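> Note that this note's numbering gives residue 55 to position 26 of the sequence shown, counting from 1, and the numbers run on in steps of one.
So that we are looking at the same thing, I have put the structure below in structure tokens.
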Amino acid sequence: MDRNRVHHHCTETYTDEFGNVYTAEYWIDEYGNPYLRD
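Shown next as structure tokens:
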């Protein structure tokens, strides 16, 4: 049985103290570790 590498793509929207809205984009690897992909 093949162990497929499952990477979850996540986006998260947040606002800083000045009211600017940012979108964070990151992935989670098959071990549950988040990482950024440039």
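Glycine included, each C-beta is placed from N, C-alpha and C at the ideal position.
All of these numbers come straight from a predicted model, not from anything done at the bench.
Hey, TRP56 and TYR64 are a contact pair by Cβ (cut 8 angstroms); roughly how many whole angstroms apart?
Correct: roughly 6 angstroms between the Cβ atoms.
> Considering just the uninterrupted stretch of the beta strand (DSSP E) at VAL50, what are its terminal residues?
It spans 50–57 - the beta strand (DSSP E) in which VAL50 sits, taken as one unbroken run.
> Go ahead and pull the three-state DSSP assignment for TYR60.
Looking at TYR60 - three-state DSSP - the assignment turns out to be coil, as it is neither helix nor strand.
> Do GLU54 and THR7 have their beta-carbon atoms positioned less than 8 angstroms apart in this structure?
The structure shown does not extend to residue 7, since the chain is modelled only from 30 through 67, so no value can be given for it.
> Out of curiosity, what's the CA-to-CA distance linking VAL35 and VAL50?
Taking the straight line joining both Cα atoms gives about 29 angstroms.
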